[in-house]
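Working notes, beginning with the structure itself.
2 protein chains.
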Amino acid sequence: MTAGSTAPVDYASLKKKFQPFLSRRVENRSLKCFWNASELSDDVIELAGGMPNERFFPVESIDLKISKVPFNDNPKWHNSFTTAHLDLNSPIELPIARSLQYAETKGLPPLLHFVKDMVCRINRPVFSDETESNWDVILSGGSNDSMFKVFETICDESTTVMIEEFTFTPAMSNVEATGAKVIPIKMDLTFDRERQGIDVEDLTRLLDNWSTGPYKHLNKPKVLYTIATGQNPTGMSVPRWKREKIYQLAQKHDFLIVEDDPYGYMYFPSYNPQNPLENPYDSSDLTIERYLNDFLMKSFLTLDTDARVIRLETFSKIFAPGLRLSFIVANKFLLQKILDLADITTRAPSGTSQAIVYSTIKAMAESEMSSSVSFRDAMFESWIKWIMQIASKYNHRKNVTLKALYETESYQAGHFTVMEPSAGMFIIIKLDWGIFDRPDNLPQQMDILDEFLVKNGVKLVLGYKMAVCQEYSEQNSDFLRLTIAYAKDDDQLIEASRRIGNGIKEFFDTVRS
Amino acid sequence: MTAGSTAPVDYASLKKKFQPFLSRRVENRSLKCFWNASELSDDVIELAGGMPNERFFPVESIDLKISKVPFNDNPKWHNSFTTAHLDLNSPIELPIARSLQYAETKGLPPLLHFVKDMVCRINRPVFSDETESNWDVILSGGSNDSMFKVFETICDESTTVMIEEFTFTPAMSNVEATGAKVIPIKMDLTFDRERQGIDVEDLTRLLDNWSTGPYKHLNKPKVLYTIATGQNPTGMSVPRWKREKIYQLAQKHDFLIVEDDPYGYMYFPSYNPQNPLENPYDSSDLTIERYLNDFLMKSFLTLDTDARVIRLETFSKIFAPGLRLSFIVANKFLLQKILDLADITTRAPSGTSQAIVYSTIKAMAESEMSSSVSFRDAMFESWIKWIMQIASKYNHRKNVTLKALYETESYQAGHFTVMEPSAGMFIIIKLDWGIFDRPDNLPQQMDILDEFLVKNGVKLVLGYKMAVCQEYSEQNSDFLRLTIAYAKDDDQLIEASRRIGNGIKEFFDTVRS
Chain D
1 MTAGSTAPVD YASLKKKFQP FLSRRVENRS LKCFWNASEL SDDVIELAGG MPNERFFPVE
61 SIDLKISKVP FNDNPKWHNS FTTAHLDLNS PIELPIARSL QYAETKGLPP LLHFVKDMVC
121 RINRPVFSDE TESNWDVILS GGSNDSMFKV FETICDESTT VMIEEFTFTP AMSNVEATGA
181 KVIPIKMDLT FDRERQGIDV EDLTRLLDNW STGPYKHLNK PKVLYTIATG QNPTGMSVPR
241 WKREKIYQLA QKHDFLIVED DPYGYMYFPS YNPQNPLENP YDSSDLTIER YLNDFLMKSF
301 LTLDTDARVI RLETFSKIFA PGLRLSFIVA NKFLLQKILD LADITTRAPS GTSQAIVYST
361 IKAMAESEMS SSVSFRDAMF ESWIKWIMQI ASKYNHRKNV TLKALYETES YQAGHFTVME
421 PSAGMFIIIK LDWGIFDRPD NLPQQMDILD EFLVKNGVKL VLGYKMAVCQ EYSEQNSDFL
481 RLTIAYAKDD DQLIEASRRI GNGIKEFFDT VRS
Chain L
1 MTAGSTAPVD YASLKKKFQP FLSRRVENRS LKCFWNASEL SDDVIELAGG MPNERFFPVE
61 SIDLKISKVP FNDNPKWHNS FTTAHLDLNS PIELPIARSL QYAETKGLPP LLHFVKDMVC
121 RINRPVFSDE TESNWDVILS GGSNDSMFKV FETICDESTT VMIEEFTFTP AMSNVEATGA
181 KVIPIKMDLT FDRERQGIDV EDLTRLLDNW STGPYKHLNK PKVLYTIATG QNPTGMSVPR
241 WKREKIYQLA QKHDFLIVED DPYGYMYFPS YNPQNPLENP YDSSDLTIER YLNDFLMKSF
301 LTLDTDARVI RLETFSKIFA PGLRLSFIVA NKFLLQKILD LADITTRAPS GTSQAIVYST
361 IKAMAESEMS SSVSFRDAMF ESWIKWIMQI ASKYNHRKNV TLKALYETES YQAGHFTVME
421 PSAGMFIIIK LDWGIFDRPD NLPQQMDILD EFLVKNGVKL VLGYKMAVCQ EYSEQNSDFL
481 RLTIAYAKDD DQLIEASRRI GNGIKEFFDT VRS
């Protein structure tokens, strides 16, 4: 916290400051408990909670085979694989007698502690007090579930939410389901990493002149929702200097920042045309410290002097989406309101998913444990090592794809440019109309292009479909989004790139004819 | 369907009939897709969906040790245990490449088909068309999540919901979070199985005289929420003749019936004072057919000629609560609206939980498979056999507890009666004030009783805390709820019963003094 700031450090001041941000519906929400949370001595027989004894569960044990290397074909079992065993009594801190039982809505303590520790080490909120007690983390059932809970807590019919003009559109569904209104904010679509992402000047103008601007019929925005790193669909990341400006705007105009960050761990060093497959992740110089400090974009939390940032992370991209497991970081007051909603809706995320994630990370740590570090450090380091390997694979896939796209006849004929991504799992390809006027009916033209692409055997997402407002973004929506995440291997990415080139070429040949 | 009925059998007629039941907020809900659901030929390379290739997942395989007998201490592995192996490619119909991936919001097809088949065999809706296409099942994240989704879909500030006067109070939290109002409906608190549960005469009077009744300031109820079998907290079940009357009232006054049935599989044959530990589940006469036909209370679905019943089931009590896995049965129109909400909130329940449940049931079936039945039949039969064993254990626990309670000095002194439950996991103990006037300040008296109980080393739930409206139920709320689910073994239940007896006795000794 900066000296002399009036940042809210305790619950009472957080409450005072953030109460006005709550949605109208929050007041109807409270769990009607019929039980007491009181502590009972061990010799009291518990006949209150309707929990089945764990010996009613048909699963006696779960054994996991864990790969310490993604795309692992190493036959040397002891080296690149490990195992985890879970049964009714073990591991002692999270046996399945616990993970298969009813459990705390906020998440099972061992995993929750791991996650909070991770946030502390990588993106500790500036407003945090010394004991980390004025902010917290709760687990949730995937980022979509997190978004829902956050927006339900802070949005209602009176709320205006700003979202990057292109986005993961289901986020809009979540906002609009509360009755709130979404407005698009301008992006700089460029691969210049110092300029890309949210257009800060435009945003400043919009907010400073709200009462005479295009949305003057709406309330001033209370929330900015941003995928600030490896943005979906653009693959762009808001540079640090812009984050600082945006944070200042948030302070000046008093809005919350909901930072959705599913892709941030997959940072991409710049593509090197002289050595396209160069991959700094494979260098022995790349330590965990360097990855954390030089590669990762720091969260808005690290600028958050006054507790207005809500951060969403997920295990979907770095572990597996089917877990439906994510987490939310926020100041203690707002997070309690989000938890109140969870208490009366979903309750806890799947205990089996939590147990699998915790046991996997623990097993990774145990298999690499050296006596010189604490187990807590070992858990963190093992997990970051895993994440770095994921990031490395994605970076390689990005390189392979860019190289193959640049080698297509269509690219070399100037039909498209590629917005080299700075993080994540997406690449956008922007059409270059060249001597042709950009058509008026862009969506229809893009639909025609899509047909050419499918005929050539490749399926991408059309940019205009990810616009918050198609009219607003009409001029910029002539792009295609492709993901490097799902392909089987390099060859498939190369073949797909070839097909994309052919499809675009045939489209322009038709436009020309 | 009865001849000449005007039951809505197709989607259009369902829509016409049930559109007016939707909450105001439903219209704001729609998933903004940026992808097409179009079918692509196999040779098209998928670069659209942001799904990680399954080889990015750190878990390569999962092995389950499955007990076919609850509280299994059988050392003969081959007999009472079995195993299931899941890896990226197997089982072929639900490998972890599928269950750990993004998946359909409504649930993974193999488990979903199993569940629909189960509903078809046990509680097929009367309104169903020949192809079972006008109703369906979706999976959900536990019954609390199901409730939330159902109430969010059918309730808003204008809605009145009827709930049994004593209930699982978090259900009220869900209703009230939508802005809707809850009113209590009278119950017959008796262990006479032909009379227990919802007081139908009182309900008839209330509804027939709404405009002059105590709730005339509220809209007529649009929903009845009922735990009709093995009710929480009372352990009572609404008998068939009452279900018929209630259904007729639902038709006459046009309300929906939300039937929450987490406990129904644990049916209790009547306690036999001559032979307290008699357990018909242990009889060799007890076939699956007899259990299904003579033991289980049939769902309101089996009376549902006009598609107004929404049924909630869960895997929490018959598998494990930590899975967070449940399902919702309803007509196709209402279920689609519930699914629309799931699409923009939680999305699918945990894929790992789904995979574990499916693989467990499959493994149970494989280990008992005879060539004379189809695999579908084997899955169903194995699962019902498991459920019957769970029910048997609960029935035994109920017998042990009743016997021990009846043997206490306090019972024999007439301090309390026991409302022998007809299903579920709860028993209620009702105080008998005898020569004393029932006190005016019941809640305070019950709190004092609670202190005596805890002092004696046993924790129960106080009945008044589970009242929808304490004033309304004041006269009936002098009971304690105990669960037979969590205790370690018979001895603990016997010891707990003894302590309950002592606690009540000390309480009355104090009242007397």
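Line by line, the protein sequences give chains D and L. Be aware that the first sequence starts at 1, since it is given in UniProt numbering, and climbs by one per residue. Be aware that the second sequence starts at 1, since it is given in UniProt numbering, and climbs by one per residue. Glycine is no exception: its CB is placed at the ideal position from the N, C-alpha and C atoms. Just so we're clear, the structure is a prediction, and the values are computed from it rather than from any experiment.
Any C-beta of chain D under 8 Å from that of residue i
| i | result |
| --- | --- |
| L/Trp-386 | yes |
| L/Met-425 | yes |
| L/Trp-35 | yes |
| L/Asn-79 | no |
| L/Phe-452 | no |
| L/Gln-101 | yes |
| L/Asp-145 | yes |
| L/Arg-243 | no |
Rounded straight-line distance, which links the Cα of residue j to that of residue i
| i | j | result |
| --- | --- | --- |
| L/Phe-333 | L/Thr-287 | 37 Å |
| L/Arg-371 | D/Glu-368 | With the sequence shown as reference, residue 371 of chain L is identified as Ser, and Arg is not the correct amino acid for it. In a straight line, the C-alpha of L/Ser-371 is about 49 Å away from that of D/Glu-368. |
| L/Phe-81 | L/Val-69 | 8 Å |
| D/Ala-3 | D/Phe-57 | Residue placement at D/Ala-3 is flagged as unreliable, the pLDDT there being 39, under the threshold of 50; a coordinate-derived value is accordingly withheld. |
| D/Ser-90 | D/Phe-21 | 43 Å |
| D/Ser-270 | D/Glu-132 | 36 Å |
| L/Pro-221 | L/Pro-276 | 43 Å |
| D/Phe-507 | D/Phe-416 | 12 Å |
| L/Asp-478 | D/Phe-34 | 14 Å |
| D/Arg-311 | D/Ser-140 | 12 Å |
| L/Gly-501 | L/Phe-300 | 38 Å |
| D/Leu-108 | D/Met-118 | 16 Å |
| D/Met-147 | D/Ala-250 | 19 Å |
| D/Lys-505 | L/Ser-128 | 53 Å |
| D/Ser-316 | L/Asn-395 | 42 Å |
| L/Asn-79 | L/Arg-397 | 25 Å |
| L/Gln-445 | L/Leu-218 | 33 Å |
| D/Asn-399 | D/Ile-427 | 11 Å |
| D/Pro-439 | D/Gly-230 | 29 Å |
Min CB distance residue i to chain L below 8 Å
| i | result |
| --- | --- |
| D/Tyr-486 | yes |
| D/Ile-390 | yes |
| D/Ala-12 | no |
| D/Val-44 | yes |
| D/Lys-181 | no |
| D/Gln-492 | yes |
| D/Glu-313 | no |
| D/Ile-62 | yes |
| D/Met-51 | yes |
C-beta atoms of residue i and residue j nearer than 8 Å
| i | j | result |
| --- | --- | --- |
| L/Ile-361 | D/Ile-62 | no |
| D/Ile-344 | L/Pro-170 | yes |
| L/Leu-47 | D/Thr-483 | yes |
| D/Thr-83 | D/Leu-64 | yes |
| D/Phe-452 | D/Gly-503 | yes |
| L/Glu-407 | L/Phe-191 | no |
| D/Tyr-263 | D/Ala-423 | yes |
| L/Ala-365 | L/Met-388 | no |
| D/Asp-261 | L/Thr-346 | no |
Check: residue i C-beta below 7 Å from any heavy atom of the ligand FMN
| i | result |
| --- | --- |
| L/Arg-498 | For the ligand FMN, the structure offers nothing, since it holds no ligand at all. |
For residue j and residue i, believed in contact at Cβ under 8 Å, the rounded distance
| i | j | result |
| --- | --- | --- |
| D/Leu-86 | L/Thr-352 | Not confirmed; about 12 Å, so no contact. |
| D/Glu-259 | D/Val-309 | 6 Å |
| D/Gly-463 | L/Ala-485 | The pair is not a contact, with the Cβ atoms about 54 Å apart (cut-off 8 Å). |
8 Å Cβ cutoff, residue i in contact with chain C
| i | result |
| --- | --- |
| L/Lys-16 | In the structure shown, chain C cannot be found, because the protein chains are D and L. |
Beta strand (DSSP E) runs wholly inside the region 114-161 of chain L, at least 3 long, in chain order
135-140
Any beta strand (DSSP E) of 3 or more consecutive residues that is wholly inside the region 160-234 of chain L:
160-164, 181-185, 223-226
Could I get the ranges of all uninterrupted alpha helix (DSSP H) runs contained in the region 418-487 of chain D, with 4 residues as the minimum, in chain order?
442-455
Mind pulling the alpha helix (DSSP H) runs of 4 or more residues that sit fully within the region 310-346 of chain D?
332-344
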